[in-house]
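Chains as they are written, first to last, in the numbering used here: chain A, 1 to 406; chain B, 1 to 406.
Put into structure tokens, the structure is as follows:
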């Protein structure tokens, strides 16, 4: 008998037929003598529809009221699933964010969970109820509805799993696990049976898009095993776990790519303290997220600085930086939208110095020029020309021995 | 400066354009230095759609979960209106049933309000907020969402008005007030400027359908003046008030009709104690609402009993009663679907004995046969052939001097 949290995303509850499928799946788990807590997203597309509706009211909808509106999406699916489970003869009860006592901060639209007083969940579980909880929503300490931001249901699931000390948090989605690379561009990609939280954190931010990054941080902090698996098959997916928990030890576990990048360079800026702050403060104030930053000191008391931003923010960033260049006396600002970032990730590289050189050599063999490099403890990323992105992924996948046996 | 509760029904918030219209109306009231609390229904049709959805899940949806589902309707309109008011530069905040502390009993789908701890509403009003409250919903003492049944938003409005001691509760609807008769069948019907709670209670149950009957009971109990008026015009509507509050004193204030009636007669049943209970217990157990009941004792220790039910329940009732007739040894059961009930209502008739005879005479003059009669302190009702319903209303309207001056 285990305590299992199961989270189903928007495509898994897109209509009544799918919700019926979810109900069967939940019941199967329950009938194997498990305690089950289900976390649901809104039907796919509903949250976007509600946002569109709010935008028709006003360009800048009030955050508090938008959350009240958006929360109806998960309220609907939770009520429908609980209703369905009861009609199948199982004890079930839906709980909204405030009823599940998911307490967040006051930040509407992107609230952080600060506490989950899971008394009511625990009481219902004790009575052998299937507890169906509306994901994505919580309430602030004053009882106002908050929402957790895009993909927030993943965070709800992991946080609730942590609060009730669940044995596993299963995330049901439309992919069947985490792959060593995007199978659409790398046919030899294979599904990982396990991956560490840290690797997943790096994967998610680099574009794997399977799990909301914040939920992985939560899972790591509370050491909750997360099982990413398909809603549409019974197959095992990928377990996201602590790196010490007997995982397969690959030097590199995955190769990711991100084409949504653009590069901006300030050439020959003054090499003085405070310059970097002058360059990035306006960018941060404009809400633009900077990914990589690289600085090289030139001989003559001057410095070149390059950074990357999302492609959609390229033009705006370039205009801002041209102004700054004039202010600080940099010689030139130029940019490049035709870039991509490829990364290799693996906790195994911590004690393996050869990863970076293997990567550079593999790219060089295909005549792929490296424009920027950045590294972390468990990741090496290279910015290359966009057109080489797919080739680079395949080449690196082979070079690090990730290819599936045919 | 007054404290005004304004309730807008489903057709008044049917789409964003209508909600914008509501916002303007609310703001106009607010700008006249009034404190304003707004109660909203769901967009028209939404509650029915949600019920249909639940019925697709199961023929008999769980009451608790159905309430969670239905509550999304008013949650949506409340968030949208509050958002719109804020975008227009006014301080506004939405409150759901549980946030407005509308505490009900545990009866899902048809809950009764037991308490409104209006602290939060009062605090927001003190800060000069426009408070927008989701009607139709409350929560039980355990924090579960409940709904108040059809037309429950009217009850929400009046109960909240009572809790905060509002000066008036304005009910905005698609009619512009209470008429002396249905203007569709009686062209000389005129709008009443005032009507008493008791008259309204009799009107509502007889088919005027403007205000939920329970809300009128609430208004009477707490002496809250209710102003029924049109969402689509600025005109004054009808004030529903205590009968002592200087209203115009008509003997009869209105003539109503109800064609949704069917009649069932048990002929020659035994005239013994306990028979009526035997006849009506199965009907009540089946959830069928009986309106009029008339019993006449025959000479030979036998009795005839006639009662009316809604037309939709006629067949079911007839089957039930045929079984009962056999059990108790009644001679015959027969029924009639082609009937209508016409009533005259007025607090003035309490001390006027001539109302019934005027009514009977007026109907007789048109050769309309009376099949059943029932009376109360302020009402006389006659069941007649359905085809005469409209004629009867017009004749009675004239007979009691209600016709509008041309």
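All C-beta atoms, glycine included, are put in the ideal place defined by N, C-alpha and C.
All figures in this text were calculated on a predicted structure; none of them were measured in a lab.
Asked	Found
Extent of the continuous alpha helix (DSSP H) run through residue 390 of chain A	389 to 399
DSSP state of residue 165 of chain B mapped onto helix, strand, coil	coil
Interface positions of the stretch 99 to 111 of chain B facing chain A (Cβ-Cβ less than 9 Å), listed along the chain	99
Identity of the residue in B:229, B:173 and B:254 nearest residue 196 of chain B by Cα	B:254
Spatial distance of residue 312 of chain A from residue 151 of chain A (CA atoms)	21 Å
Distance between residue 74 of chain A and residue 185 of chain A (C-alpha atoms, nearest Å)	34 Å
Cβ-based neighbour list, residue 115 of chain B, same chain, cut-off 6 Å, excluding 5 preceding and 5 following	103
Burial state of residue 118 of chain B (16 or more Cβ within 10 Å)	buried
Inter-residue spacing [alpha-carbon to alpha-carbon] between residue 210 of chain A and residue 274 of chain A	38 Å
Among A:269, A:262 and A:342, the one whose alpha carbon lies nearest that of residue 327 of chain A	A:269
Run of the beta strand (DSSP E) containing residue 372 of chain B, from where it starts to where it stops	372 to 376
Per DSSP, cross-strand counterpart(s) of residue 86 of chain A	Per DSSP, none; premise fails for residue 86 of chain A.
Counterpart residues of residue 293 of chain A in DSSP-defined beta bridges	A:307
Integer-rounded CB distance, given that residue 57 of chain B should sit under 8 Å from residue 83 of chain A	5 Å
Uninterrupted alpha helix (DSSP H) stretches inside the stretch 38 to 84 of chain B (no shorter than 4 residues)	46 to 57
Helix, strand or coil at residue 180 of chain B according to DSSP, with G and I counted as helix	coil
C-beta atoms of residue 164 of chain A and residue 228 of chain A nearer than 8 Å	no
Buried or exposed (CB count within 10 angstroms, at least 16 for buried), residue 334 of chain A	exposed
Paired residues, beta bridge with residue 139 of chain A - DSSP	A:103 and A:145
Given 8 Å, three or more beta-carbon pairs between the stretch 187 to 196 of chain B and the stretch 44 to 57 of chain B	no
C-beta contact flag for residue 198 of chain B and residue 243 of chain B at 8 Å	yes
In DSSP terms, what residue 251 of chain B is bridged to	DSSP output for residue 251 of chain B lists no bridge partner at all.
Residue interval of the alpha helix (DSSP H) (run including residue 132 of chain B)	Note, residue 132 of chain B: premise wrong, no alpha helix (DSSP H); beta strand (DSSP E) at 130 to 134.
Ordered list of alpha helix (DSSP H) runs contained in the stretch 314 to 383 of chain B, each at least 4 residues	314 to 328 and 354 to 365
Residue 143 of chain A: contacting residues in chain B (beta-carbon distance under 9 Å)	98, 99 and 120
Any 3 or more C-beta pairs closer than 8 Å across the stretch 373 to 382 of chain A and the stretch 343 to 350 of chain A	yes
Nearest candidate by alpha-carbon position, reference residue 336 of chain B, set B:368, B:383, B:126 and B:180	B:383
Bridge partners - residue 172 of chain B, DSSP secondary structure assignment	B:8 and B:229
Separation of residue 61 of chain A from residue 271 of chain A, as counted between CA atoms	44 Å
Neighbour-count burial assignment, residue 194 of chain B, 16 or more Cβ in a 10 Å radius	buried
Near-chain A residues of the stretch 52 to 71 of chain B (beta-carbon distance less than 9 Å), N- to C-terminal order	53, 54, 56, 57, 58, 59, 60, 61, 62, 64, 65, 66, 67, 68, 69, 70 and 71
Of the residues B:128, B:76, B:145 and B:20, the one placed nearest residue 105 of chain B, counting alpha carbons only	B:145
Check whether residue 134 of chain B and residue 89 of chain B have beta carbons under 8 Å apart	no
Nearest-angstrom Cα separation, counted from residue 230 of chain B out to residue 368 of chain B	35 Å
Spatially closest choice to residue 331 of chain B from B:362, B:162 and B:298, by CA coordinates	B:298
Residue from B:54, B:79 and B:315 whose Cα sits closest to the Cα of residue 94 of chain B	B:79
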